[in-house]
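Letter 119 of the sequence shown, counting from 1, is numbered 120 in my numbering, and no numbers are missing. C-beta: ideal position from N, C-alpha, C; glycine also. All values derive from a computational prediction rather than experimental measurement.
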Amino acid sequence: RNTVGFDWHPVTKSLWFTDNGRDWLGDDLPPDELNVAPAPGLHFGYPYLHGKSVRDPEYGEKGKEINKAPPAHEFQAHVAPLGAEFYTGKMFPEKYRNQLFVAQHGSWNRSTKVGYKVVALFIEGERVTGSEVFAEGWLGPDGVSGRPVDIETMADGSLLVSDDGAGRIYRITYKEP
């Protein structure tokens, strides 16, 4: 539906971007997406097809002939992936280098809130091979305390995470144990 965060892979130079799925198909549909464009001219499905296989109830029939590039990764519906940043710093362990961090802004119209965290996606070539929660705490038992928006790598290798819910910028650092 709308791309917000994007970055070029530091090695392959492919464009990777987040994609917020459409609303009003329920709590669990459609998935939000991470897409990769290794070449120009690709079509990523909207508004006809969402995720790998969710045909839009309103427009799906019109897009049957579209040759859709599948998403590189499907996020849970309504996590609202926004900022995306490939980590090129040296502060964090080696496993994070050239991997993608994504800020999940969080749901607004879902019966149970989801998102509100930063995830690390592990990429080999043009494939996502795994993911993990990197930073969380904005969604707790007492509700929402913030909404991550974007991520930037600083010259020292630390990460900045902007939060438009709390109006803050967090600096995340790492020290060997």
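Backbone secondary structure at Lys96 - three-state DSSP: In this structure, DSSP gives Lys96 a helical state, which the three-state scheme calls helix.
Whole runs of the alpha helix (DSSP H) within the segment 96-143, excluding any shorter than 4 residues: Correct list: empty.
Beta-bridge partners of Arg56, as assigned by DSSP: By DSSP's assignment, Arg56 forms a beta bridge with Leu50.
Sufficient close CB pairs (3 or more, under 8 Å) joining the segment 131-142 to the segment 64-71: Cβ pair count under 8 Å is below three, so no.
Through-space distance from Ala40 to Thr89, alpha-carbon basis: Roughly 23 Å between the two C-alpha positions.
Complete beta strand (DSSP E) runs within the segment 6-80 (minimum length 3 residues, chain order): With a minimum length of 3 residues, the unbroken runs of beta strand (DSSP E) contained wholly in the segment 6-80 fall at 16-21, 33-38 and 74-76.
Residues sharing a beta bridge with Ala156, DSSP: Bridge partners of Ala156: none, in fact.
Same chain, Cβ closer than 7 Å to Asp29, neighbours up to 5 away in sequence not counted: Contacts found: Ala78.
Beta-carbon contacts of Pro82 that lie in its chain and below 6 Å, excluding the five residues immediately before and after: Non-local beta-carbon contacts of Pro82 in its own chain, meaning distances under 6 Å to residues more than five positions away in sequence, involve Thr19, Asp33, Phe76, Val103 and Gln105 in chain order.
Where Ala156 falls, given that 16 or more other Cβ within 10 Å makes a residue buried: Note on Ala156: under 16 other CB atoms within 10 angstroms of its CB, so exposed under the neighbour-count rule.
Status (buried if at least 16 other CB within 10 Å, exposed otherwise) for Leu43: Exposed.
Presumed contact (8 Å Cβ cut-off) between Leu35 and Ala73, rounded CB distance: Confirmed, Cβ separation roughly 5 Å.
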